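Peer 1:
In this note's numbering, the protein residues as written are 41 to 303.
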């Protein structure tokens, strides 16, 4: 059975890579909170186990075996997030950290059982897709919020799950998977203003009371509590775009099927 450390490194590489690009040791170090020399030493051991290949001056690639390990760990993690949120009433700000601890310690039988109990969910509480049981690579076909123009109508598809404070803010502001917005302004200093639209099929965490009847403005230096209160009051709210928050969205076509991603 692979160690928790090995799974953490392999998962980090999978999530950091961009297409077929190698992942630099410094990027892995930043994500895992370790030093670059520690990453380099660990990559050497993982290469000896056939989980990664290394290319000097470029970085690390996953082997087929390494990719399967990453997808298995991600499947465990995201199923656990759904289980914690739906069955144990964890808030969506809490499930990521708890799932990080548990993902290494569940059996394949437990994975199968909770997937069945949950109705075979396809996404976690933050909108991230759950790999299938046969561990096919996930292709969520998304594009950045920044790629859209003023007047576009979008539906939130995914939000980043690694910052509980930001998640609490997004929840209170109504920026949750399923929420529908119109982009009303894109400022030259990387700020975007969104207007929530009626009829959003948004879903927030248990115990939250999101208000989706306000303008939502993206700003990297927002004060979370103050801005969330303004959202609840129906005023313009500041949200980071591509800095502290990544919001994934899909374009609301006539059938609501086209999907795009925010950075």
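Positions of the beta carbon are idealized from the N, C-alpha and C atoms, including for glycine. The structure presented is a predicted model; accordingly, all values stated were derived computationally and were not measured.
#1: Just the C-alpha distance for residue 115 and residue 128, rounded to the nearest angstrom, thanks.
#2: Whole-angstrom Cβ separation of residue 195 and residue 220, contact assumed at under 8 Å?
#3: Helix, strand or coil for residue 146? Go by DSSP, reduced to three states.
#4: Quick check: the segment 53-68 against the segment 96-105, are there 3 or more CB pairs under 8 Å?
#5: Look up residue 226 in the DSSP assignment and say whether it is helix, strand or coil.
#6: What does the Cβ neighbour count give for residue 245, buried or exposed, with the cut at 16 atoms within 10 Å?
#7: What is the DSSP secondary structure of residue 75, reduced to helix, strand or coil?
#8: Rounded to a whole number of angstroms, what is the C-alpha to C-alpha distance between residue 143 and residue 171?
#9: Assuming the contact rule is C-beta atoms closer than 8 Å, residue 54 and residue 112 should be a hit. Round their C-beta distance to whole Å, please.
#10: Helix, strand or coil, according to DSSP, for residue 130 in the structure here?
#11: Over the uninterrupted alpha helix (DSSP H) stretch that includes residue 56, give me the two end residues.
#12: Suppose contacts are defined by Cβ-Cβ distances below 8 Å. Is residue 123 in contact with residue 72 by that definition?
#13: Alpha helix (DSSP H) containing residue 92: first to last residue?
#14: Provide the residue(s) that pair with residue 178 in DSSP beta bridges, ordered along the chain.
#15: Counting only the same chain and skipping the five closest in sequence on each side, list residues whose C-beta sits under 8 Å from that of residue 56.
#16: Give the straight-line distance between the Cα atoms of residue 203 and residue 133, rounded to the nearest whole angstrom.
#17: Could you pull the start and end residues of the alpha helix (DSSP H) that residue 160 belongs to?
#18: Quick check on residue 171: does DSSP put it in helix, strand or coil?
#19: Got a sec, what are the start and stop residues for the beta strand (DSSP E) residue 190 sits in?
#20: Taking residue 204 as part of the alpha helix (DSSP H), name the residues at either end of that continuous run.
#21: Report the rounded CA-to-CA distance for residue 161 versus residue 217, giving the unit in angstroms.
Peer 2: According to the structure data:
#1: 19 Å
#2: 5 Å
#3: Coil.
#4: yes
#5: strand
#6: For residue 245, the pLDDT reaches just 46, beneath the cut-off of 50, and the residue's location in the model is therefore unreliable, although a value from the coordinates is still provided. Buried.
#7: coil
#8: Looking at the two C-alpha atoms, the distance is approximately 14 Å.
#9: Incorrect: roughly 11 Å between the Cβ atoms, too far for contact.
#10: coil
#11: 44-56
#12: no
#13: First-last for residue 92: 92-95, but that is the beta strand (DSSP E), not the alpha helix (DSSP H).
#14: Answer by DSSP bridge pairing: none, since residue 178 is not bridged.
#15: Around residue 56: 63, 67, 68, 71.
#16: Straight-line measurement puts the Cα of residue 133 at about 8 Å from the Cα of residue 203.
#17: That residue, residue 160, is in no alpha helix (DSSP H); it is neither H nor E in DSSP.
#18: coil
#19: Taken as a continuous stretch (DSSP letters only), residue 190 belongs to no beta strand (DSSP E), as it is neither H nor E.
#20: 204-213
#21: 14 Å
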